[in-house]
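To keep things clear, I will list the structure first and then write my remarks on it.
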Amino acid sequence: MAPPTPGPQGHPGHPAPPPRTATVANVPVDTRHWIAGARVTTATHAAAVTFTDHSPIDGAPLAEIARGTAAEARAAVAAADAAFPGWAATPPAERAALLHAVADGVDARAEELAAVETADNGALLRSHRHGVLPRVAHNFRYFADRLLALSRPDFETRGHTNHVTWDPAGPAVLITPWNAPLMLASWKIAPALASGSTVVLKPPEWTPLTASLLADITHEAGLPPGVFNVVQGYGDEVGAPLTAHPAVRRISFTGSVPTAHRIATAAAAHLTPCSFELGGKSPLLVLADADLDLAADLAVEQYDNAGQVCLAATRILVEESVRDAFLGRFLDRVAKLTQGDPRDEATDIGPSIHPRHVERVDGFVRRALAAGATAVIGGAPDTRLSDASGGNYYLPTLLTDVDQDSEIVQEEVFGPVLTLQTFPDGDEDEAVRLANGTRFGLAATLAAGDRERAARIAARLVAGTVWVNCFYVRDLSAPFGGSRRSGIGREGGDWSFDFYCDLKNTVTAPKGWSDHG
């Protein structure tokens, strides 16, 4: 047997330690976990202590990321559990001030965060700068301020006073998706911390970088050790032990239905409450009396982020008499879109997240075409752009001649793929049947010219959010979530506090007081 080859540090048989920092878009990013207020490497001597994070823009490796195991999961939950009593007892005004400090830190590093996020997930840099990052800071500020206003009026029961309060629940595990990593994480982190619960964040393995930067920001803002923790890695290696841990008191997950099933099964062992925001297959209904230019604009907007948006209205349902007029306007607008490098201000559609995801999207389209669908536009990867850049690009696609019960209509593709169906003029029952005809119910969009007709149809749609003549307008005070297979529970406003807290009702009798007050 040949002697062991010394590693770079000269220790026979031991792998070199993983790098601690990567430079991404000229920004240094720590690649280690963040546990109990300190940077932590994976506690194993196995060779596979890291995983490689690649950019979807050009396929280039961005960083070697510490790959968590059950040991890091246990350590992070233990840190959150130990920090919980002190954080829960922190006066609301102090917690709110710290969250405002986190928001200030996000604002101060907005350019860096935007550049790193674009490199990591391929969404448009201009969107990150002007839309996404401001919303991240706003999320922290909103829930900080809402905490200070959180109250419900006392009410009487036969002369007794009922007083409702929100008691922090305990450590919360938050598992977040890759399509808008920092913004969607902050939707969960901000209310959890504001409520007085502590957090273990498991960021997506395809886009882990801005979670690490957020850990730095929370530290600089003064959050006590263990209040916010980040453990990186794969779902089966670190996500599973996190969701099965008996000390975890809340689990919030955004992602796929199959993964939610596994999380719910693990959580059931300890009756851990879960909040799930899952898949969508949302409709866009275009009525004959709609402003067709507005309707076409709304339809083209569904290609945002390369179609990697859970809320996207990917099923276009058009009243028959305006099909051709709508389609002409839609195609005119799509022809003006520019697909390419998301760092270019002229780009409208960037890459898909990963080569495996491109294969998944293309598989849906190829099966639909084989079943008789017609690709009016697109229908394949953009091989010319992908070959030139090394990135993951799929052409904006519109499929017609699709059946309601077909896979392409029923299943979430999560790519730049829309379908077009029609319904008879004036047949609201058929329009609603088609719109509600999937197992999902996350959102719906309606383009209409008659207020009464729009209200009548909107009332019948099964969806957590219905947008009428608009899309993706969300106030944090409003409930957000899905019906059917699109989720369990609601986020936003007091609904978030209801989840991350245990609500308590204190009932006080009018008599028996020694002070006779």
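If you use the working numbering, the sequence shown corresponds to residues 876 to 1392, in order.
Cβ coordinates follow ideal geometry from the N, Cα and C atoms, glycine included.
- DSSP places N1311 in the coil class of the three-state scheme, outside both helix and strand.
- Burial check for E1194: the Cβ neighbour count within 10 Å reaches 16 or more, so the residue is buried.
- By the neighbour-count criterion, in which 16 or more other beta carbons inside 10 Å mark a residue as buried, P1052 falls on the buried side.
- Following the DSSP letters along the chain, one finds K1077 inside the beta strand (DSSP E) bounded by residues 1074-1077.
- Look at H1120 here: in three-state DSSP terms it is coil, with no helix or strand label.
- With 16 or more other CB atoms across the displayed protein chains lying within 10 angstroms of its CB, T925 is buried.
- Minimum Cα-Cα distance from F1151 among the listed residues R1137, P1158, L1160, A1144 corresponds to R1137.
- If only complete runs of 4 or more residues are kept, the region 1153-1191 shows the alpha helix (DSSP H) at 1167-1176, in order along the chain.
- By the 16-neighbour rule on beta-carbons within 10 angstroms, A1188 is buried.
- For P936, the uninterrupted beta strand (DSSP E) segment begins and ends at 936-941.
- Between R1259 and L974, the alpha-carbon positions lie close to 46 angstroms from each other.
- In the DSSP assignment, Q1296 falls within the unbroken beta strand (DSSP E) covering 1292-1298.
- In the DSSP assignment, the residues bridged to S1127 are L1049, S1150.
- Residue pairing by DSSP places G1362 opposite E1152 in a beta bridge.
- Apart from the 5 residues on each side of it in sequence, A958 sits with its Cβ closer than 7 angstroms to the Cβ of T1073, P1099, P1100, G1101, V1102 in its chain, given in chain order.
- A Cβ-Cβ separation of about 6 angstroms places S1061 in contact with F1015 under the 8 angstroms criterion.
- A1141 counts as buried, since no fewer than 16 other beta carbons sit within 10 angstroms of its beta carbon.
- Two segments are said to touch when three or more pairs of C-beta atoms, one from each, lie closer than 8 angstroms; by this definition the region 1268-1287 touches the region 1149-1168.
- Along the region 1205-1280, the alpha helix (DSSP H) occurs as fully enclosed runs of 4 or more residues at 1230-1245, 1258-1264, listed in sequence order.
- With 16 or more other Cβ atoms from the protein chains shown falling within 10 Å of its own Cβ, Q1214 counts as buried.
- By the beta-carbon neighbour count (other beta carbons within 10 angstroms, threshold 16), D1029 is exposed.
- Rounded to the nearest angstrom, the gap between the Cα atoms of G934 and A971 is 40 angstroms.
- Less than 7 angstroms divides the Cβ of V1106 from the Cβ of A948.
- Between the region 894-910 and the region 1078-1091 there are three or more inter-stretch CB-CB distances shorter than 8 angstroms, so the stretches are counted as touching.
- Note that the C-beta distance between L1273 and L1244 is not below 7 angstroms.
- Using a Cβ distance threshold of 7 angstroms, A1139 and V952 do not count as a contacting pair.
- Counting C-beta pairs closer than 8 angstroms gives fewer than three between the region 1025-1045 and the region 1218-1226, which falls short of the contact rule.
- Counting C-beta pairs closer than 8 angstroms gives three or more between the region 1297-1315 and the region 1155-1174, which meets the contact rule.
- Rounded to the nearest angstrom, the gap between the Cα atoms of R1308 and A1165 is 20 angstroms.
- Taking all protein chains shown into account, T1340 has 16 or more neighbouring C-beta atoms within 10 Å of its C-beta and is therefore buried.
- Contact annotation, F1346 with L1192: C-beta distance approximately 15 angstroms; criterion of less than 8 angstroms not satisfied.
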